[in-house]
Each structure stands twice: as structure tokens, then as C-alpha cells.
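Just below is one structure, and these are the notes that go with it.
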Amino acid sequence: AQSVTQPDIHITVSEGASLELRCNYSYGATPYLFWYVQSPGQGLQLLLKYFSGDTLVQGIKGFEAEFKRSQSSFNLRKPSVHWSDAAEYFCAVGPSTGGFKTIFGAGTRLFVKA
Amino acid sequence: KAGVTQTPRYLIKTRGQQVTLSCSPISGHRSVSWYQQTPGQGLQFLFEYFSETQRNKGNFPGRFSGRQFSNSRSEMNVSTLELGDSALYLCASSPRTGSDTGELFFGEGSRLTVL
Chain H
1 AQSVTQPDIH ITVSEGASLE LRCNYSYGAT PYLFWYVQSP GQGLQLLLKY FSGDTLVQGI
61 KGFEAEFKRS QSSFNLRKPS VHWSDAAEYF CAVGPSTGGF KTIFGAGTRL FVKA
Chain S
1001 KAGVTQTPRY LIKTRGQQVT LSCSPISGHR SVSWYQQTPG QGLQFLFEYF SETQRNKGNF
1061 PGRFSGRQFS NSRSEMNVST LELGDSALYL CASSPRTGSD TGELFFGEGS RLTVL
């Protein structure tokens, strides 16, 4: 069965510091992988996605993620965090074929301190 | 292009009542998925509709049901509400065309409180 694990429930970083959010997945076939962000009271917005090609993908707001098949990981990174990045981040795995049933991780809440 | 619209945004019900939530997808999107979001459980997949047919279903009791209309708009219904049904219900649409990479476009959600 497919699953997504985000081991960190919350993370606090200082503004201007680098960020890495961890994500591990379990999926039988080649996955489509996503990172979404949710600000308080809002729906989710796509940050970036991977489904083939270059394993380092760039997203919006200066985020990037690296797909490592050998480690079943898709970690999200940002070199310099801004206070506006405080939000909840969700890693997700979707089907490459067939029915759509995107599975989300439990989320990591990011706090940014001045 | 208008985004995904969910109504109502907030509602309060009492135990035993039923509720219907509505979702209008992005124009041209044919797939609508529903998720329940709670602090303890995260985002849990409810079901996905495509061309008026339920294509996938999550592990929720039969009290949770949905449907999709010919214009791709979708509704979900929860009957005999329980306190544990209090949650943010999120709807997401996707094109479901040959070039679709599975990205979901979310609405802002319907916040249900059961008293």
C-alpha cells in the first residue's frame, strides 16, 4: 500500500537560515511526488512536483526538492527562509496510472523565528 | 480562471443531523476529490469522482457519500453526524486529461463543527 511519512511534526528555524523538510514514501511503481503548502485557514497550494527526469526539481517561492529513489525520499529544501514561509507543508504521492488517489503525509508545521 | 469554490465555508451542526457540502471545480476539470483534514489525522482521502462516477474511495463509513453532476460540480453528504466528524473538508479538482500529472487544485475548504 502506498504511504507517505513526514517524520517531523513541527520545525522551527530562524529567518534567513536554511530549511530541509523530510519525506519518505512507499509506493510500488514509479510515483508522482508532490509538495504542497497550507497557510492558516486556506486550502493547499502546490509548491513543486516530480514525475520523471531530473531528480532535482525547482518550485515556487524558492523551494526545491530532490528525489532519491534509493532512499525513497523526496526532501524539500530552501536555502534562506522568510517569515512568510511559516505554514504547514505536506508531502504527497500520487498514482502514475489508473485511479486518482493522492496520499498525503501528516504534514510538518514550520515556525520561523526572527 | 476561477479556482475551486467550496460552500459553505463554515457551518455548525448538532449530533445526528446531516450535512451537504458543495464543490465547484475549475472550469474544464473533470475530476473532483474530497479530503477530511483534522489535527490528529492529517489529510484523509474520502473519495474521487470522475465523469459522475466514483473512481476511488477511502476508508470511511457509509455515512459519508458523494456524487458528481454532469457539469463536474460535486457534493458530499455526511449523515448522522458525530462529534468526530468535526473537520475541515477539502475539495480538489484536476483535469484528468492525458497530460495530467496528478496535481490537485484545492478549494479553501468547508469547516464543519459538530456540537
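Same order as they appear, the protein sequences are chains H and S.
Throughout the first sequence, residue numbering follows my numbering, covering 1 to 114 in sequence.
Throughout the second sequence, residue numbering follows my numbering, covering 1001 to 1115 in sequence.
By construction, the Cβ of each residue, glycine as well, lies at the ideal position given by its N, Cα and C atoms.
Just so you know, these numbers come straight off a predicted model, no measurement behind them.
- Message: I need the boundaries of the beta strand (DSSP E) containing S:F1045, first residue and last residue.
- Response: Where S:F1045 is concerned, the enclosing beta strand (DSSP E) stretches over 1042–1050.
- Task: With 7 Å as the threshold, decide whether the Cβ of H:Y32 is near any Cβ in chain S.
- Result: By this cut-off, H:Y32 is an interface position.
- Partner residues on chain H for S:L1081, Cβ-Cβ distance less than 9 Å: Around S:L1081, no beta-carbon contact reaches into chain H at under 9 Å, the shortest distance being about 22 Å.
- Message: For S:A1092, tell me which candidate among S:G1109, S:T1080, S:K1057, S:D1085 has the shortest Cα-Cα distance.
- Response: Closest in C-alpha terms to S:A1092, from the list S:G1109, S:T1080, S:K1057, S:D1085, comes S:G1109.
- Are the Cβ atoms of H:K101 and S:N1056 separated by less than 7 Å? Yes, Cβ-Cβ distance for H:K101 and S:N1056 is below 7 Å.
- Between H:V112 and H:L19, what straight-line distance do the alpha-carbon atoms span, to the nearest angstrom? When rounded, the distance between both Cα atoms is 10 Å.
- Item | S:R1067, enclosing beta strand (DSSP E) - first and last residue | From DSSP, the beta strand (DSSP E) with S:R1067 extends over 1064–1068.
- Show which residues of chain H have a CB atom less than 7 Å away from the CB atom of S:G1071. First, the amino acid is wrong: residue 1071 of chain S is Asn here, not Gly. Those do not exist, as S:N1071 stays about 19 Å from chain H at its closest Cβ, beyond 7 Å.
- Would you be able to state if there are at least three C-beta pairs under 8 Å between the stretch 1019–1030 of chain S and the stretch 1078–1092 of chain S? They touch, by the three-pair rule.
- For S:R1073, the three-state DSSP class (helix, strand or coil): If DSSP states are grouped into helix, strand and coil, S:R1073 belongs with coil.
- Item | Spatially closest choice to S:G1016 from S:S1051, S:R1063, S:Y1049, by CA coordinates | Considering only alpha carbons, the answer is S:R1063.
- Residues of its chain near H:A106, where Cβ-Cβ distance is below 6 Å and the 5 sequence neighbours each way are ignored: Here the set comprises Q6.
- Task: Can you check the stretch 44–105 of chain H for any beta strand (DSSP E) of at least 3 residues that lies completely inside it and give the ranges in chain order?
- Result: If you keep only unbroken beta strand (DSSP E) runs of at least 3 residues inside the stretch 44–105 of chain H, you get 44–50, 56–58, 64–68, 73–78, 87–94.
- Within 7 Å, strictly: CB atoms of S:F1050 and S:R1073: Not in contact: S:F1050 and S:R1073 (Cβ atoms no closer than 7 Å).
- Task: Give the range of the beta strand (DSSP E) segment to which S:V1004 is assigned.
- Result: Element bounds for S:V1004: n/a, residue is neither H nor E.
- Query: If you draw a straight line from the C-alpha of H:K61 to the C-alpha of H:R77, how long is it?
  - Reply: Near 11 Å, if we compare the C-alpha coordinates of H:R77 and H:K61.
- Query: For H:I103, which option in H:E66, H:K68, H:F74, H:L33 has the closest C-alpha, if you only look at C-alpha atoms?
  - Reply: When each option's Cα is compared against that of H:I103, the closest is H:L33.
- Item | Member of H:A87, H:P79, H:S84, H:F74 whose CA lies at the smallest distance from the CA of H:Y25 | The alpha carbon of H:Y25 has as its nearest neighbour, out of H:A87, H:P79, H:S84, H:F74, the alpha carbon of H:F74.
- Within this structure, are the beta carbons of H:Y36 and H:Q2 separated by less than 7 Å? Not closer than 7 Å, so no.
- Task: Determine whether the Cβ of H:T102 lies closer than 7 Å to any Cβ atom of chain S.
- Result: Closer than 7 Å to the CB of H:T102 there is at least one CB belonging to chain S.
- Nearest to H:S39 (by Cα), restricted to the options H:D8, H:A86, H:K68: For the residues H:D8, H:A86, H:K68, the minimum Cα distance to H:S39 belongs to H:A86.
- S:R1067 versus H:F90: straight-line alpha-carbon distance, rounded: Cα to Cα, S:R1067 sits roughly 27 Å from H:F90.
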